Structures are given as C-alpha cells and as structure tokens.
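K.L.:
I have a structure I would like to understand better, so I am pasting it below and will then ask my questions one at a time.
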Amino acid sequence: LPGHTWCGAAYRVRELGLLCVGDYLSVIEFPFVYMSTAAYRATLAAQSDSLEHDPVEHVAPGHGRALGVQEALKIAAEDLGYLHALKGAVRSALAGGASREQAVAAGAAVEVPRGAGDDDGRLRQDNAEQQLTELAPAA
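The numbers in the sequence shown follow the numbering used here, run straight up by one, and end at 475.
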C-alpha cells in the first residue's frame, strides 16, 4: 500500500471478515505522507472500492480502534478530501505566483480531517512539502 511509506502493507482474513489496513484509515490521525500524495490518494481510492464492492465486517487500522465498513468509508472519504484540498492549495498558490515557501504555507493551512496527538504543525508542513515536490520538483 504505497503512499504513507514505500513499504505499507495490508492483509485480509476472510474467515474473520477482517481487513487490516496498516497506516491508513485511522480515527486518531490524519494522513501522514512520507512517500507520495498521489500514491496515498490511489491507495485510499482502492481501499474504498474494495470496502464498497467486497465488504468486510471489521477494518483494523494500525493506529486507533477497529472500524465498521461505513466508518472506514467515511474516514477514507475525509482523508481523500484532505489530500485533494492539499494538492489544490499548493497548486493554486504556485499558479498565483507564490514562492515555494508560500506554497508550502498554503498547503499546511489546509484543514485536516482529524487531529493527531503528536502534531505540532510539522506533520501538515511535511505533507505540504511532499505535495510541492510532486507538483514542482526543486531544480
């Protein structure tokens, strides 16, 4: 499951109606992107598709409590919305002539779907920097 990191993993145990999703779909964190915002969005979309068309009884994220399918789908939609808004904010800032620093600030200002206990703003900044790198690689 690329996006959060290069080596994300998930697994399904059909006999238990269980889908373990690693570092995705957490009720206690917003998406932290260490690899690729595009890959993170694709992973969330694939997880949503799987949950909609081949549902399970329980979804177990790597952080936070287990979820039902509807709650997992809601979190996926919120996280996708955040990542799309992040991309839009950085892209819009760049299109308006913003500097790289201003584009990162615009991305970091995007509202996250839920807090994270250890976020002091740096995680949002990191996400914005990753998005900027994807949209406008440094020379």
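Here a beta-carbon is modelled for each residue, glycine too, at the ideal position from N, C-alpha and C.
Source: prediction; values computed, not measured.
Can you tell me whether DSSP reads ALA381 as helix, strand or coil?
P.N.:
Note: ALA381 maps to helix in three-state DSSP.
K.L.:
In chain order, what residues of the same chain have a beta carbon less than 8 Å from the beta carbon of SER372, not counting five sequence neighbours either side?
P.N.:
Closer than 8 Å at the Cβ level, and outside the excluded window around SER372, lie PRO338, GLY339, GLN466, GLU470.
K.L.:
CA-CA distance, SER428 and ALA464?
P.N.:
Using only the alpha carbons, I get a separation of about 13 Å.
K.L.:
Just how far apart, CA to CA, sit GLU437 and GLY404?
P.N.:
Taking the straight line from one Cα to the other gives about 40 Å.
K.L.:
Check whether the Cβ atoms of VAL369 and ASP462 sit closer than 9 Å, and answer yes or no.
P.N.:
Contact flag set, yes.
K.L.:
Taking PRO397 as the reference, give the member of GLY344, LEU459, LEU468, ASP456 with the closest Cα.
P.N.:
Nearest of GLY344, LEU459, LEU468, ASP456 to PRO397, Cα basis: GLY344.
K.L.:
Quick check: the Cα distance between ALA346 and LEU355, rounded to an integer number of angstroms?
P.N.:
Near 7 Å, if we compare the C-alpha coordinates of LEU355 and ALA346.
K.L.:
Would LEU352 and GLU393 be called neighbours here (beta carbons separated by less than 9 Å)?
P.N.:
A contact, by the Cβ cut-off of 9 Å.
K.L.:
So, under 8 Å CB-CB, GLY417 and PRO449 are touching, yes? Tell me the CB distance rounded to an integer number of Å.
P.N.:
7 Å between Cβ atoms; contact.
K.L.:
Given a threshold of 16 other Cβ atoms within 10 Å of its Cβ, counted over all protein chains shown, does VAL440 qualify as buried or as exposed?
P.N.:
Buried.
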